[in-house]
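**Student:**
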Amino acid sequence: MRVLIVHERYRHRGGEDVVVESEAALLARHGVGTDLLLADNADIEGGGSLGLALAALWSRRGYDSTRAAIARFRPDIVHVHNSFPLLSAAVFDAARSMAVPVVQTLHNYRLLCPNALLLRDGAPCEACVGQTFKWPGVRHGCYRGSRAATAAVAGYAVSQRLVGVHRHGVAVYHALTPFAAGLFARGGIPAGRIAVRPPLLDYPAHGGGVPRAGALFVGRLSPEKGLDPLLSAWRGVEVQLDIIGDGPDMDRLRGVAPPQVRFLGQQPAIVVAQAMARAALLVFPSLCYENFPLVVAEAMAAGVPVLCADGGAAADVLADAGDPRLFARPGDVEDWRRKASALLSDPGALAAFGARGRESWERRLAPDAAFAAALALYRRALAGGPLRSVL
132 MRVLIVHERY RHRGGEDVVV ESEAALLARH GVGTDLLLAD NADIEGGGSL GLALAALWSR
192 RGYDSTRAAI ARFRPDIVHV HNSFPLLSAA VFDAARSMAV PVVQTLHNYR LLCPNALLLR
252 DGAPCEACVG QTFKWPGVRH GCYRGSRAAT AAVAGYAVSQ RLVGVHRHGV AVYHALTPFA
312 AGLFARGGIP AGRIAVRPPL LDYPAHGGGV PRAGALFVGR LSPEKGLDPL LSAWRGVEVQ
372 LDIIGDGPDM DRLRGVAPPQ VRFLGQQPAI VVAQAMARAA LLVFPSLCYE NFPLVVAEAM
432 AAGVPVLCAD GGAAADVLAD AGDPRLFARP GDVEDWRRKA SALLSDPGAL AAFGARGRES
492 WERRLAPDAA FAAALALYRR ALAGGPLRSV L
């Protein structure tokens, strides 16, 4: 089997870029022929809202480069991860013109929401779900605080409908969790063409025999990640919290954090792995739904229990490794204080939750299990038959 992977990289490297690199490497390791068609959305710098609108609606560059890559590599499948905005919906048109079936991974909620987060004013928002044009998002300026830019981004979802992507441009929509699959079905993607499988990730086992202590947060320091209520909660938790990551809120958060919180900044993957090996608990306080939080999966692989914000996709990642004691209400300072304190004062429960998470990772998310699911999804796209979710 030969798979052409199409992805437009982000200006600031994020989880989608990590997944694309990991999937390409693991597919190749399992003998799948792979080639990558990459673009870089840093190229839109200075284009303004009009340039963004024109790029997102339909791109000659996206169409021509996709056709050229197909002609050169002759893939069985075109797997699109991100085509916003420079490659645009034209990549689907190009693949259809050359009779190559497409799998599209739904990494974020861009087709449902202009800001891709389903979040407004610090709370989940589904006002645009199911609407062909995202008027509520435009009214509130949900993308970069600009109505013009939001209208441009909303045009991307419209353009997918105009070129017939939902009807016949994509053989299989790849959702990362059942939670996300349900939202996309409500948003108008045919449920019969949505399949659920985890991303292909390879996190080594680590932490065995290393004494564990303290709590850990790993992620971007931005409003949707829920750090403000977490830090308020931590004023009543007598345990050190290490924060790894960077972002626009770094300086402000440093100014309001209690003394038992350390900010370690952005760190390479090996340092994150070492921190996971030492942590007794990972905290994931996101205010938004998320899609497939990679840090939760990495913690499971490391045998670290995770205290998660309830109500989003993280529960699907934890699945049978979850427990009511491992979920707190998003933004609820007292609930986070109570749950974190209870867990960190019970080493036996932490060890049991960590072991359960590691076992669930091995059975559901580790490379061999996830590759079998990926191969089944590709084969179903080629055959055009019914789909089965595996997460």
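Count the sequence shown with my numbering and you get residues 132 to 522, in order.
Glycine residues also receive a C-beta, built at the ideal position from the N, C-alpha and C atoms.
These figures come from a predicted structure and were not determined experimentally.
#1: According to DSSP, is Ile201 helix, strand or coil?
#2: Out of curiosity, what's the CA-to-CA distance linking Arg251 and Arg366?
#3: With DSSP collapsed to three states, give me the class of Phe223.
#4: Restricting to runs no shorter than 3 residues, where is the beta strand (DSSP E) found entirely within the segment 302-390?
#5: Could you check which residue in Val435, Glu369, Ile401 has the C-alpha nearest to that of Ser472?
#6: By DSSP's criteria, Glu139 is part of a beta bridge. Which residues make up the other side?
#7: Rank Ala202, Arg460, Val448, Gln371 by C-alpha distance to the C-alpha of Arg330 and give the top, closest one.
#8: Given a cut-off of 8 Å, decide if Leu384 and Leu418 are closer than it, judged by their beta-carbon atoms.
#9: Note down the Cα distance separating Gln405 from Leu457, rounded to an integer number of angstroms.
#10: Is DSSP giving Arg495 helix, strand or coil here?
#11: Going by the DSSP bridge assignment, what does Ala159 pair with across the sheet?
#12: Please list, in chain order, all residues of the same chain as Ala258 whose beta carbon is under 6 Å from its beta carbon, the five residues on each side excluded.
#13: According to DSSP, Gly164 sits in a beta bridge with which residue or residues?
#14: With 16 as the cutoff for other CB atoms within 10 Å, does Ile401 come out buried or exposed?
#15: Per DSSP, what are the beta-bridge partners of Thr236 in this structure?
#16: Could you name the residues of the same chain whose beta carbon sits closer than 7 Å to that of Leu508, not counting the 5 residues immediately before and after it, in chain order?
#17: If distances are taken between C-alpha atoms only, which option among Ile136, Leu135, Glu147 comes closest to Phe423?
#18: With a threshold of 7 Å (Cβ to nearest heavy atom), would Asp377 be considered close to the ligand SAM?
#19: Pull the bridge partners of Arg393 from the DSSP assignment, please.
#20: By Cβ distance below 7 Å, which residues in the same chain neighbour Glu429 in space, the five residues on each side in sequence not counted?
#21: Sorted by chain position, which residues of the same chain lie with C-beta nearer than 7 Å to Val392's C-beta, five sequence neighbours on each side aside?
#22: Please name the residue, chosen from Ala480, Val427, Cys244, that lies closest to Cys273 on a Cα-to-Cα basis.
#23: Is Asp224 buried or exposed, if buried means 16 or more other CB atoms sit within 10 Å of its CB?
#24: Taking Cβ to Cβ, would you say Asp377 is nearer than 8 Å to Leu412?
#25: Unbroken alpha helix (DSSP H) runs of length 4 or more, entirely within the segment 389-462: which are they?
#26: Between Val341 and Val426, which are expected to be in contact by the criterion C-beta below 8 Å, what is the C-beta distance as a whole number of angstroms?
#27: If I measure Cβ to Cβ from Pro389 and keep anything under 6 Å in the same chain, skipping five residues before and after, which residues do I get?
#28: Tell me the DSSP secondary structure of Leu518 in three-state form.
#29: Over the uninterrupted alpha helix (DSSP H) stretch that includes His210, give me the two end residues.
#30: Within the same chain, show all residues whose beta-carbon is closer than 8 Å to that of Asp441, passing over the 5 residues directly before and after it, in chain order.
**Tutor:** Result, derived from the coordinates:
#1: helix
#2: 27 Å
#3: helix
#4: 303-306, 325-327, 346-349, 372-375
#5: Glu369
#6: According to DSSP, Glu139 bridges with Ala170.
#7: What sits at residue 330 in the sequence shown is Pro, not Arg. Ranking Ala202, Arg460, Val448, Gln371 by Cα distance to Pro330 puts Val448 first.
#8: no
#9: 23 Å
#10: helix
#11: Note: Ala159 sits in no beta bridge, so no partner.
#12: Once the five neighbours on either side are set aside, the close Cβ partners of Ala258 are Pro267.
#13: Arg133
#14: exposed
#15: His305
#16: Val234, Val303, His305, Ala326, Arg328
#17: Glu147
#18: With respect to the ligand SAM, the structure offers nothing, as it holds no ligand at all.
#19: Asp373
#20: Tyr334, Met407
#21: Leu362, Trp365, Leu372, Ile374
#22: Cys244
#23: buried
#24: no
#25: 400-409, 425-433, 445-449
#26: Not a contact, Cβ separation roughly 19 Å.
#27: Trp365, Arg366
#28: Summary for Leu518: the model assigns pLDDT 49, below 50, so the residue's position carries little reliability; its value from the coordinates is reported in the next sentence. In the structure shown, Leu518 sits in coil (DSSP, three-state: anything other than H, G, I, E or B).
#29: That residue, His210, is in no alpha helix (DSSP H); its beta strand (DSSP E) goes 208-213.
#30: So the list reads Phe458, Ala459, Arg460, Pro461, once near-sequence residues are dropped.
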